[in-house]
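Notes to accompany the following structure.
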Amino acid sequence: AWEKQAEKQLLAVGRRMWMRAADVLGVLHRKLRVSCGMTPASLQRATRILRRLLASPTAVQLLHNRHLHQVVMCVIFGASKVEGDSGVTFKAIVAEHKGALDCGEALYWSVGMHKGASKPPAS
Numbered sequence: 021a022w023e024k025q026a027e028k029q030l031l032a033v034g035r036r037m038w039m040r041a042a043d044v045l046g047v048l049h050r051k052l053r054v055s056c057g058m059t060p061a062s063l064q065r066a067t068r069i070l071r072r073l074l075a076s077p078t079a080v081q082l083l084h085n086r087h088l089h090q091v092v093m094c095v096i097f098g099a100s101k102v103e104g105d106s107g108v109t110f111k112a113i114v115a116e117h118k119g120a121l122d123c124g125e126a127l128y129w130s131v132g133m134h135k136g137a138s139k140p141p142a143s
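The sequence shown begins at 21 in my numbering and counts up by one.
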């Protein structure tokens with residue numbers, strides 16, 4: 021009985037995570053379409069990548085010590101490069117993200133690069 025309840029809760033969390041990722045992706049696509057010429061093909065590719073990422077138990081490890089928005093920005097960058105949207109730079113993605121979504125500066129400065137990294141290395 022508790023296994024079914026736990027499974028339902030995990031599915032609900034997964035759905036909420038996908039919905040939030042899709043929201044962020046949509047906001048950024050609208051902004052980048054106007055400012056950089058991001059194409060619908062890039063949006064479709066990014067959507068497929070995010071779906072696969074969030075559905076795969078091994079790929080979801082990419083989210084470890086990372087903010088969901090960081091992953092979405094990286095997926096947009098990669099999808100845009102593959103689709104040939106040369107105007108979509110990582111700098112432009114970050115700038116549009118900062119303007120459209122209020123997440124705080126820490127989002128842009130702290131990215132765990134290995135398992136167990138929870139903060140940037142001390143200098």
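Cβ coordinates follow ideal geometry from the N, Cα and C atoms, glycine included.
**Request:** Could you name the residues of the same chain whose beta carbon sits closer than 7 Å to that of Leu74, not counting the 5 residues immediately before and after it, in chain order?
**Result:** Position 54 of the sequence shown, counting from 1, holds the residue named residue 74. Once the five neighbours on either side are set aside, the close Cβ partners of Leu74 are Gly34, Met37, Trp38, Ala41, Val80.
**Prompt:** Apart from the five residues just before and just after Ser55, which ones in its own chain have a Cβ nearer than 7 Å to its Cβ?
**Reply:** By 1-based counting over the sequence shown, the position of residue 55 is 35. The answer, listed in chain order, is Ala112, Glu116.
**Asked** What alpha helix (DSSP H) runs, 4 residues minimum, are completely inside the stretch 32 to 98?
**Response** 60 to 75
**Message:** Just to confirm before moving on: does the CB-CB distance between Val44 and His89 stay below 8 Å?
**Reply:** Translated into the one-based positions of the sequence shown, residue 44 becomes position 24. Translated into the one-based positions of the sequence shown, residue 89 becomes position 69. Against a cut-off of 8 Å, the Cβ pair of His89 and Val44 comes out as a contact.
**Asked** Buried or exposed: Ser100, going by 16 or more other Cβ atoms within 10 Å of its Cβ?
**Response** As a first step, residue 100 must be located in the sequence shown, where it is residue number 80. So Ser100 counts as buried.
**Prompt:** So, Thr67 versus Glu103, is the Cβ gap smaller than 8 Å?
**Reply:** As a working mapping, residue 67 is identified with position 47 in the sequence shown. As a working mapping, residue 103 is identified with position 83 in the sequence shown. Against a cut-off of 8 Å, the Cβ pair of Glu103 and Thr67 comes out as no contact.
**Request:** Kindly give me the distance between the Cβ atoms of Gly107 and Gly57, rounded to whole angstroms, as I take these residues to be in contact under 8 Å.
**Result:** In the sequence shown, the residue the question calls residue 107 occupies position 87. In the sequence shown, the residue the question calls residue 57 occupies position 37. So it is a contact: roughly 5 Å between Cβ atoms.
**Prompt:** On the three-state DSSP scale, how would you describe Gly119?
**Reply:** In the sequence shown, residue 119 corresponds to position 99, counting from 1. If DSSP states are grouped into helix, strand and coil, Gly119 belongs with the helices.
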